[in-house]
Each structure stands twice: as structure tokens, then as C-alpha cells.
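Protein chains in written order, with my numbering: chain A, 17 to 849; chain B, 88 to 315. Taking it in order: structure first as C-alpha cells, then the write-up.
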């Protein structure tokens, strides 16, 4: 009966299934890709690390560490990594780069890919370098050109394409330059206080027992401030990172499925309203409501299965695009294979979504009286809230939450996602209803008939206007929010650039270079805006307890990096513009010989360290112990373009300690900035520069790549919105044809009928776009305040562009599906009884 | 006023040709009241469609106030309908998204005429629905919907009113009321009436009865109209 009952409506039923196709395809594509990615990480785990074991430190290995390293044996390769300016002598340009000095032999597993490939061999034949491909593109470098790194010049042997364990995006954050490890100390860049990672890679015939014994000595490694990473560690880190990414993208894709579900619910509602007489006849013939409901539930199960199947097949195809999309972020080669689990998930979730959302309108079958055979009643299927429908809503919420929990693997995140999505949909429905009510209420009477008729068409019986506004609006909201977030972050940086005088910062300046460097800037007409001394030190005790002991305490909340690294502090007798004392007292001056020195600690860190005013911290300032206490906590504006510090010492204490300086200036143009950097680096090779314009360009580049990936997933929602629109337009085609023919009978010209159609889709598109944009503005406003901690920047132009695109798409789809309406014979109105 | 000239309408299905109207000719005088009667399937609705320019004949022509409908394209036909004709349908055919008043105004709004609300309200008053002007079709009974359709049919002061089984979907009392209104309005606005019906009692209220059977005009009788 369920199959027979579909006769004459099969095309329409196929439209329902189209609503869920994109959502299921997104889910299957991401799930399947995730499966393949995990397999690739498992298979290529050793290549991710390039060795069996890495031991690393934030400073040169101590004597004890070197003894331990010796005892481990195996094949060893050293690897140093730090930031420094690189000067390209062919052009005179400079760029803050990530220098990596490696021993010959590394990587033990996998290989460095370069252009030309022979350059990898050449690297260790003398003073050669491998430069990042981004540098090649940005500065027009060629093989054979010279790069100055610190005191040394290196000849470019080739350009880096792929490095084990690193994604292509790593080169955007900091362009890489590889040099042979044997020259690293001659560059003069690894001095005391310089920030660098010191690593040693190992290759063993049988790594397992060595690694086991090292794990047993983890406390000892901690004491020596050494970190270790094994293949399994790297595998876990990468696996977790990419699983999180896949989960996030999967949830973005899942939104498309939920929108499809809303589309199904709305279309089934319209479908059931057209089936009232059939249901009423069946009830007259003795069928009970469970039988009639079962007929349509079975139909929805069939439709859901077919939709989910089509989505799964499409998803397998789309899966091949994901590695291309994520190529900048993935450090392994992902091969294509079909994941049966992903397909099963797609089928299950797709069918479940169709049926659950269809149950809402299908529950209305209970209300259809056999009397409907005798008397037409437009309210025969009214969606009232009753126990059954509340239960169905509850089931939908539960199903979405459970799915989100399985995706995020955290119940809290799952519930948060579910609440967020349903709140967003709820707000969209609210906005949509408010707009439709407001426009109808205040629509100008003076407008010509055709425009008023176009508007009135949005309110025709069985209309799906609000649902379309929600589905198209949600897709608009997703795309707009992504764009607005990117704009806010970039706008924030831009504001910083405008508000702050400094746009170029030089750092790692030795005390004996400081005056000469400042003179150099002044000679070039650049002001010295800030000269900040920096002293490196290590925390040894907090409130009398050694940091080693605190580290071993399970309940501690203090992050490892605060202990593991040397901290950088400054001293002065005033606070900066961005600082404000929040508790305690700011003491501007003290004495090195004082028993205990009052210091100020940044608010967030003091909280993390669980410190109260008066608590003591003992530092080791390059061999000399210094007892301090927290005299105040202060707010720090970390977004200010200037060095900001956790620990602020008063004047009179650290002046005699070994230190280096940070100097900020302002370049009036990009060319002046390049010239200043070149001049400084040529004279002071160890000094590095941060150019705010470069930071903005880098952030823009990274955000662009990330939003591109997210937008790709959001595209599934956009397409779902459009499919739902197509479904609604086709479902109402008969009614629209009837209206057009009637108008034609009453004398309407083709142009008038056409304008009515245009007006209808213009209004629908505008309402949907506005609904989505209003929520996106709200989201952007909340994100500005609570996440990005910046002023909300309202950008009108992107909103207008998006608005126009959404309206144009809606109108195109609506009008394409309305072709030939005027050509319907007018005599049809006489035949319809 | 209206001239049917050897109207024939055939449909071809595969090798078969079905002639539903065969060589029908007659002339209707201005202001006359005419009924087209015949059993179901006789071709009377097809004839009405051709007379009103809703459909095109296979051969023959319709001349409406000296306009040959054959010579006009769809746009031209729409313009003629808007200028000369009014319609009342068996199934009312109101636009569901418009109120009663808005439905009545549609034909004149399509012409772009302004200040029509007063006349539309007058017509609604004449059909006894002044108080229901802001109701939507779904809020009106069948009889009320047909009364709105009647008001709409007269809003453009049509030269000719086509009514297709106007009481077919109504109970007897409501049907009588609608019939009375049609003849009253017809008299008030001096409209030519073409009424398609299978109800002989209704047909006898007109001046002239054209009988159709199997697509042919079998009789054309002047009647002594009974009081409407």
C-alpha cells in the first residue's frame, strides 16, 4: 500500500530525498576521509617524526644531558631550530625566518622533498641552504643566490617542498631555511638567552626497550629540562589533531543534514496536506490512524534510504576532493579507499534524520477526520504542540546530541553543539517570523498590484516561506559568520596598526649593540619609540617549594611551559598605556640588594599559578638567586604592538644583569620598512625584526586557507538550502500555475505574471538573506566581545555582496522553475472543479 | 456583440481524432441573456472556452466586438479578456492570498487603474459582503466565495459575462441567491450574459437557449424568460 500510494507523487518524493543528499554526502566524505587519514598516519608514523626518538630542550644540552644522550647510542642526528632574520643578498630584502640546522642523515625515515631533489644531497656539501618555496615566490629567489643568516652567507641549493612531519601551511607561519648543523654556532645566533629548540634524533635497531627505559626515567628528564617524543607520541598528537579537525568539519557537514531534515519536515507537511482526502477515504474504509501513519512512515523510510544511498555515493566521490582541500594542512599522503563504516554511518544518520523530521508532520495524520471526505477543511493537519509532538522534538534533540557527542567524543561539546544549533535555528525561525509578519503588516498599499501580489504569494496556503527563510538563511549565516570572523580578526590587527605608532620591532639586540642600532634608525629618520630591556631567568621556587616538586604534584594547574622555559622579564618604573593595576600595589623602584623584591604579575598568569598578593617566587637570574614577592597583579593588553611581559620588575634591580633589548620604531612606508630592516640586519646579523604588515599578511593568508576549508563544508549547507528551495518551488508549481492561469483569464499580461513571479522570489531571497545576515551580525557582535575581545566592526559591503548573491540565486532557481507558467492554457480554469 | 463562426475543436490522440465541437455558428446580441445547455461531455465548456478566448479553435473564429480572436496572440487575448469580459466559475477561482476586496479589485489593478477601492466596495455591498471585505477566501463559505467572484466579474464593467455552471458547487438556496444576483447585476450593468449550465430551470430564465449535443448545436430557441 505504501508503494502504491506514491503513484503520481514519486517525483515529489524524490525531491524530499534530495534535501538530505548533500548532508549525507558531507558526512560520508568526512568520515571516510578521516578513516583514510588515520590509516595513513598509522602507516607513515615514523616518517612523521623522521626518527625513532627525539629528545629536545629549550637551551643547549647540559653536561648531564649529553652523558645521557651518549649512553643511548644508536645513530644520532642533531637539529636546531630558531627564529632569525634572513637577508637575501641578491635583492637586499630581509624576512624573519625559521632557521633549522640539521645534521646529515636526518630524516632517518621519509625524505625531504626539494626542487631540485639533488639539493638535499648538496646541502651538506658546504655552506648551502634549502629555502622555503614561499620565500622563492615572495622574493624571486633562484638557486645559487646567497642568503645571510647571522654572520654567515649560504648559497641556495634548492627550495623546500615537503619536510617529514610538517604541513605546507607551516611554511606560511614562518618561512623555513635549512642549513647544515655544523655551521649553526658560526652564525653567532645561538647565544645565551636566545630562544631555540635543541633536538637530537635517534635511530635504533630495536627502539622499544630503550624507549621503555627512558619513559621510566621521565622524572630525571624533567629535572634536566629535557622533553622526549617517540613515534607513538607523534602518532597520537597528529591523530588527535586531525581527528579534531575532521570532527569539526564533520559537524559543519552535519548542519547541512539538519537543514535537509527541516526541508524534509516542511515538504512532508505540504505533502500530507495534499493527501488529506486520501487519508480521510482510508479512514472511511476502516483504516485506523496507526495504519495510515504507517503507510507514510514506510514511504519516508524508503525515501530516506534512497536519499542516504545517493548521498553516500556522492560522498565517496567528494571524499577525493578533501585531501586536495586540506593539502596545506596534512603532513601525510592520504590514499583513497572506501570506508564501509562511513557509508553505514551515512545511511543510518540519513535515514534517521529523514524519518525523525518527517514524523513531526506525519503525526498530523491522527487529526484527519473521515469527515474530510465530505467537507474540505484547510486545518485538517494543524501542527499543534501536544505530547506526541513534544516527544518527537525530544527524540530529534536527543538524536542530534548523541551524534554530536560521538563526533566530538565529549558529552559537554555534544550538548553544547546541539544547544547551539537548535538555538540558532530557533532564533532564525523567530527572525523569519518577525520579518514576514512585519513586512505583511507594513507593506505599502501604494505599491502596484503585481508587487503586492508577489508579496501575497509568500503567504499562500501551505506555503513554506518561513522554512525556506530558515534553510537559506542558515546557509547565509554560516558563510557570513565565517567571513565576518575573518574580517574582525584582520580588522583588529589593522586597528592596532592605526592606533599604535610602532609598526616595526627589532629584538635580540645585545646591550653593546643597542646604542649603535638606535643611532642607525635615527640616521634613517626613523624614531626610537620604545627601548625595552629583557632579562632571561628561571623560576626555581614558589612559596618555598621547588618547581620540580610542584611539577610532580598531580593537582597543579600551572602549565608546563612556565617551568620548562626560561622566562623573559623586564624592569621599569612606570606602567605602559595597556597596563592597569588590578590588585595590590605597584612599586616602581627597589634595590638589587633588597631582601625581597616586589614584582607585578599579569592577571591571567597569577590566576593560573594560584598566586595571592604577598606570595613569593624565587628566580635564578643567570646563576644568581633573586627572591621576589607578588606585590600586584595587572591587566596587560596583549594585543598592543610592543613587547608585553608576565613578570614586571621595578627599576633598580635588574639593571646590572645580562640582558638584551627590544627597540620599536615606525616606518612610514613599506619600502622604508624594507630598507630599515635590510640596513639593521646587514650591520647587526643577530637582530631580528617583526614587521606588522608581514604579520597581517601572514594572518590573512592563514585565515584565508582555514576559512576556505570551512566554507567548502558550509557549501553543503548552501546547496541543501537551494535544493530545499527547488523542492518547495516544484511542490508549489501546480498552485502557482493555477494562479497564473487565473490571472491570465482575468486579463493579466505575460509581463505582469512574470513580474509577480520575480517579486515573489525577490522578496523570498531578500527575507532569507536578511534573516541569515541578522543572525550573522549578532554572532559577529558576540564573537567580537566574548572571543576576539575587540570592538565590533560592522562591514556593510560584504553584507551587501552576500545579500545580492543570495537574492540572485533564489530568484534564478525560482524563475527557472517557473518557466512556461504563462503558456499554460487558460481554459484549464474551467476544467478544474 | 459576439459571433461564433463555424467553430470546430478536435483533439488528436495517436491515430484517433476526437471532435468535441463540430462546426458551431451563432451570433449573440448585445445585452442579451443566453444559456448554453447540454449533458455532460456535450462540449458546452469547450464552447465557452472558445467564446471567451481561453482556448483556440481547430477551425473557425470568434468575433468579439469586431475583434477576431484568431488573429490575436496570448497577450492580445489577455488584453481583450481584461477589457470586455467577466468570468464566474463553478469552482469560484479566487486567489487564496488576497482578501475578498483585493480579489474584487484584481482585474482593474491589472489595468493599472487607481481609486478603485470605492467601486469594489460598492460591488461587495451589492452582493451583500461589505462586512466581509477583509476576509480571505478560506474564511468564507462557498456561497460567499461565489458572491466575491461575482463582484470581481463586474468590476471591469464587462461587455460580456461568461458564467460556467455558477451554481454547480452550491446548495439550492445559495444557488438561487447567486442566480438572482447574476441577473440583477446583469441588468444593472447592461452586460451580455453567456451562461453554461445543465440546469434547465436556470436556463429558462435567459432569453435564448443554445442546446449542444455531441459537439453540435442541435437547437437555438428564443425563450419567454421566467422572472429571475
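Cβ atoms here follow ideal geometry from the backbone N, Cα and C, with glycine treated the same way.
When DSSP states are grouped into helix, strand and coil, residue 481(A) belongs to the helix group. Among the CB atoms of chain B, none fall inside 7 Å of the CB of residue 405(A). In the DSSP assignment, residue 429(A) falls within the alpha helix (DSSP H) that extends over 427-458.
Between residue 423(A) and residue 772(A), the C-beta spacing is not below 7 Å.
Using a CB distance cut-off of 7 Å, residue 286(A) does not count as an interface residue toward chain B. Residue environment: residue 212(A) is assigned as buried (16 or more neighbouring CB atoms within 10 Å of its CB, all protein chains considered).
Bounds of any beta strand (DSSP E) do not take in residue 658(A), whose DSSP letter is neither H nor E. In the three-state reduction of the DSSP assignment, residue 51(A) falls in the helix class. Taking a beta-carbon distance threshold of 7 Å, residue 202(B) does not count as an interface residue toward chain A. In the pairwise beta carbon analysis, the stretch 399-411 of chain A is classified as not touching the stretch 306-316 of chain A: fewer than three pairs are separated by under 8 Å. A distance below 7 Å between beta-carbons, with the five flanking residues on each side excluded, links residue 756(A) to the following residues of its chain, in chain order: 769, 837, 838, 840. By the neighbour-count definition (other C-beta atoms within 10 Å, threshold 16), residue 528(A) is an exposed residue. By the CB criterion at 7 Å, residue 791(A) and residue 493(A) fall inside the cutoff.
Assignment of residue 646(A) by DSSP, reduced to helix, strand and coil, places it in the strand class. Not a single C-beta of chain A is nearer than 7 Å to the C-beta of residue 226(B). The DSSP-derived three-state label of residue 749(A) is helix. Not one beta carbon of chain B lies nearer than 7 Å to the beta carbon of residue 382(A). The DSSP-derived three-state label of residue 200(B) is coil. With contacts defined by Cβ atoms closer than 7 Å, residue 667(A) and residue 605(A) form a contacting pair. Runs of the alpha helix (DSSP H) spanning 4 or more residues and lying entirely within the stretch 294-352 of chain A occur at 305-335, 338-341, in chain order. Annotation: residue 269(B) to residue 744(A) spans about 39 Å, alpha carbon to alpha carbon.
Excluding five sequence positions before and after residue 190(A), the CB atoms of its chain that fall closer than 6 Å to its own CB belong to 114, given in chain order. The Cβ atoms of residue 114(B) and residue 146(B) lie no closer than 7 Å to each other. Chain-order list of chain B residues neighbouring residue 765(A): 162, 165, 166, 197, by C-beta distance under 8 Å. 202(B) is the residue among 107(B), 132(B), 202(B) whose C-alpha sits nearest the C-alpha of residue 462(A). The continuous alpha helix (DSSP H) containing residue 770(A) extends over residues 766-798. Taking the Cα of residue 350(A) as reference, the smallest distance to any Cα among 50(A), 295(A), 684(A), 136(A) is reached at 50(A). DSSP assignment within the stretch 72-102 of chain A yields the following whole alpha helix (DSSP H) runs of 4 residues or more, N-terminal first: 79-88. Remark: C-beta atoms of residue 361(A) and residue 99(A) do not approach each other more closely than 7 Å. Of the candidates 806(A), 831(A), 786(A), the residue whose Cα lies closest to the Cα of residue 814(A) is 786(A). Residue pairing from DSSP places residue 112(A) in a beta bridge opposite 101(A).
Contacts between residue 760(A) and chain B, judged by CB atoms closer than 7 Å, involve 165 in chain order.
From the beta-carbon of residue 214(B), no residue of chain A is found nearer than 9 Å; the closest lies around 17 Å away. When rounded, the separation of the alpha-carbon atoms in residue 569(A) and residue 696(A) is 47 Å. Residue 121(A) and residue 137(A) have their C-alpha atoms spaced approximately 10 Å apart. Looking at 411(A), 133(A), 502(A), the one whose alpha-carbon comes closest to that of residue 712(A) is 502(A).
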